[in-house]
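Student:
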Amino acid sequence: MDIFTPDEPTTSEPTSEPTTSTTTTPEPTTTSSTTSTTTSEPTIQNTYEVSTEVSTQNTYGIVYPNSRPLYNIPDYYNNMIKVSMGDISVSMSILGYYETSDAIENIIDWYITKLTSMGYYIVEYIPPVKISSPYGVYEYSYVIFEKGDYGIGIWAVRDPIEGRTIYWIGEIFVE
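According to UniProt numbering, the sequence shown holds residues 1 to 175 in order.
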């Protein structure tokens with residue numbers, strides 16, 4: 001899977017050994033998306049950059065309702081991913097960051113229902129925990145799913161300052 005930033009154009013050129021997949025690339029300034037068929041072998045990169053390319057073979061239709069994509073994310077959200085992984089060794093690519101006003105419990109429960117119905121099983125789950133800070137109480141949770149050699153991780157943080165929940169979807173391989 002190629003990693004794109006919102007300013008870079010997407011391409012339909014093959015990038016490696018051919019396999020057919022359909023990709024949906026969200027536009028940075030609109031709610032519409034462009035759908036194209038590409039031939040490329042998906043690869044997981046050890047990176048924490050935002051990727052706006054979403055592989056429909058593995059992740060189509062799993063953006064939580066009532067949320068919108070984000071493109072400018074504070075660095076401390078990426079640090080939370082690294083901290084949360086603990087003893088699990090993963091290769092990961094962030095597929096996208098999203099924002100919603102909904103509670104973390106609703107987001108995580110929706111993903112558990114959605115992905116288990118698609119044949120994924122839970123590898124690790126941390127229920128929402130509260131972390132006190134001088135700025136208020138943050139809530140944090142994540143769940144990692146696996147299906148074959150492919151995984152999806154969902155991390156969510158409730159920001160008390162801005163009153164929003166930011167979550168991100170990661171494409172992973174659990175090693």
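All C-beta atoms, glycine included, are put in the ideal place defined by N, C-alpha and C.
Distance, Cα to Cα, ILE104 vs GLU162?
Tutor: Spanning the two alpha carbons is a distance of roughly 15 Å.
Student: Just the C-alpha distance for PRO128 and ARG158, rounded to the nearest angstrom, thanks.
Tutor: Going from the Cα of PRO128 to the Cα of ARG158 covers about 10 Å.
Student: Please classify ILE169 as buried or exposed, where buried requires at least 16 other C-beta atoms within 10 Å of its C-beta.
Tutor: Label assigned to ILE169: buried.
Student: Please classify TYR135: does DSSP put it in a helix, a strand, or coil?
Tutor: Note: TYR135 maps to coil in three-state DSSP.
Student: Quick check on DSSP: helix, strand or coil for ALA146?
Tutor: Reading the sequence as shown, one finds Glu at residue 146 and not Ala. DSSP places GLU146 in strand when its eight states are reduced to three.
Student: Take TYR125 as the anchor and find which of GLU99, PRO69 and PHE145 has the nearest alpha-carbon.
Tutor: Ranking the options by Cα distance to TYR125, first place goes to PHE145.
Student: Compare the C-alpha of TRP110 against each of PRO65, THR165 and ILE172 and name the closest.
Tutor: It is PRO65 whose Cα lies nearest to the Cα of TRP110.
Student: Let me confirm a value: GLY96 is counted as buried when at least 16 other C-beta atoms fall within 10 Å, else exposed. Which label applies?
Tutor: The residue in question, GLY96, is buried, as its Cβ has 16 or more Cβ neighbours within 10 Å.
Student: Judging by CA-CA distance, which residue of TYR150, LEU70 and TYR135 is the nearest neighbour of MET118?
Tutor: The option with the nearest alpha carbon to MET118 is TYR150.
Student: Which residue's Cα is closest to the Cα of VAL143: SER133, PRO134, ILE122 and LYS130?
Tutor: Considering only alpha carbons, the answer is ILE122.
Student: Can you list, in chain order, the stretches of the alpha helix (DSSP H) that have 4 or more residues and sit fully within the region 93-137?
Tutor: Runs of the alpha helix (DSSP H) inside the region 93-137: 104-117.
Student: Given a cut-off of 9 Å on the beta-carbon distance, is the pair ALA156 and TYR135 in contact?
Tutor: Not in contact: ALA156 and TYR135 (Cβ atoms no closer than 9 Å).
Student: Measure from the alpha carbon of LEU70 to the alpha carbon of each residue in SER93, ILE107 and THR100, then state which is nearest.
Tutor: Answer by Cα proximity: THR100.
Student: Leaving out the 5 sequence neighbours to the left and right, which residues in its chain are closer than 6 Å to LEU115 when beta-carbon positions are compared?
Tutor: Answer for LEU115: PHE145, listed in chain order.
Student: Label SER132 either buried or exposed according to how many other C-beta atoms from any shown protein chain fall within 10 Å of its C-beta, with 16 as the threshold for buried.
Tutor: Looking at its Cβ environment, which holds fewer than 16 other Cβ atoms inside 10 Å, SER132 is exposed.
Student: Could you please give me the residues that DSSP links to ILE161 through a beta bridge?
Tutor: Answer is none; ILE161 lacks a bridge partner.
Student: If I measure Cβ to Cβ from ILE152 and keep anything under 6 Å in the same chain, skipping five residues before and after, which residues do I get?
Tutor: Same-chain partners within the cutoff: PHE145.
Student: Find out if the Cβ-Cβ distance for the pair ILE154, ILE94 is shorter than 9 Å.
Tutor: No.
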